[in-house]
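Remarks on the structure that follows.
Protein chains in written order, with the working numbering: chain A, 199 to 284; chain B, 1444 to 1572; chain C, -16 to 84.
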């Protein structure tokens, strides 16, 4: 199970590098969305690894209210973009 | 119809989240479900609902199948296709349709036009002639 | 037996994660990367959660909720991002097809 966790941290590094290197805002949003999902699944895995289901409850809560903030942010960025152009 | 579906959805989330079937919990869940505000709902056809929910169940294995296809053979071409919305769709059914199309990895709905068209973004193995 | 099955699910999910996240580093369009992410983040994470579900079946209500919210949120976020990205690209969609390589 620890190996699985290490592999997950490795996968988490990819979108982080992408978020750092790319200037385009939408590519960054994509990377952030990926980070959000991956970390919450990692929380679930850690909960099983530690056998402490309270951590798991936190993970499920984060998943279920989850990406709403990112969706709102995407809409705001689009509005700002439109306002700057028009 | 969608009103009932809304209530069932809320109750499902509540019971899955609390995992507790005591009387007090059931009363709290039902109370909160009914008290939460509901938007204006349109009545859809029961048959359409059942068919679309069935398609959701079918979509899960199909999504995995498409995922393996993309992984084994590289899909490098991107195309945008306009697709017609089926007639007599209520907004919540259209939402489910968009969900279904976007859930499978090869297709993503880009945009929904009010005149009844989806813009669907495909990836394919080679360009269509 | 259950253990092997659960490890298979988790490793399958990890393979999906790596395969779908890798294209993020390339120079493709946002939409192409979105297809990869829908493989990685939706299907891969669902496979991992199913693997966890096999290990601790007594916590099924929360894990099923995790599965449902994972699929719905990721799909809707994919649609919203696609919608936001393509606003001013729509008129030259044909052009994008031609150099989509």
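Glycine is no exception: its CB is placed at the ideal position from the N, C-alpha and C atoms.
| Asked | Found |
| --- | --- |
| The stretch 53 to 62 of chain C contacting the stretch -2 to 6 of chain C, beta-carbon criterion three pairs below 8 Å | no |
| For residue 62 of chain C, three-class secondary structure by DSSP | helix |
| Residue burial classification, residue 1546 of chain B (beta-carbon count within 10 angstroms, cutoff 16) | buried |
| Proximity below 8 Å, CB of residue 52 of chain C to CB of residue 261 of chain A | yes |
| Residue 1521 of chain B beta carbon less than 8 Å from that of residue 1556 of chain B | no |
| Cα-Cα separation between residue 1494 of chain B and residue 204 of chain A, rounded to whole angstroms | 42 Å |
| Residue span of the alpha helix (DSSP H) that contains residue -7 of chain C, given as start and end | -15 to 4 |
| Chain-ordered chain A contacts of residue -13 of chain C [CB-CB under 7 Å] | Result: empty, since nearest Cβ-Cβ is about 14 Å, beyond 7 Å. |
| CA nearest to the CA of residue 25 of chain C, picked from A/245, A/231, A/248 and A/243 | A/231 |
| Supposed contact pair residue 235 of chain A and residue 21 of chain C - C-beta distance, whole angstroms, cut 8 Å | Actually they do not touch by this definition, with Cβ atoms about 11 Å apart. |
| Beta-carbon proximity check, residue 95 of chain C vs residue 221 of chain A, cutoff 8 Å | The structure shown does not extend to residue 95 of chain C, since chain C is modelled only from -16 through 84, so no value can be given for it. |
| Proximity test, Cβ basis, 8 Å: residue 1490 of chain B and chain C | no |
| Spatial distance of residue 199 of chain A from residue 250 of chain A (CA atoms) | 15 Å |
| Residue 1567 of chain B in three-state terms, based on DSSP | strand |
| Nonlocal neighbours in the same chain, by C-beta distance under 7 Å from residue 202 of chain A, ignoring five residues either side | 243 |
| Reference residue 1576 of chain B; option with closest CA among B/1460, B/1526 and B/1457 | Only positions 1444 to 1572 of chain B appear in the structure, and residue 1576 of chain B is not among them; the question remains open. |
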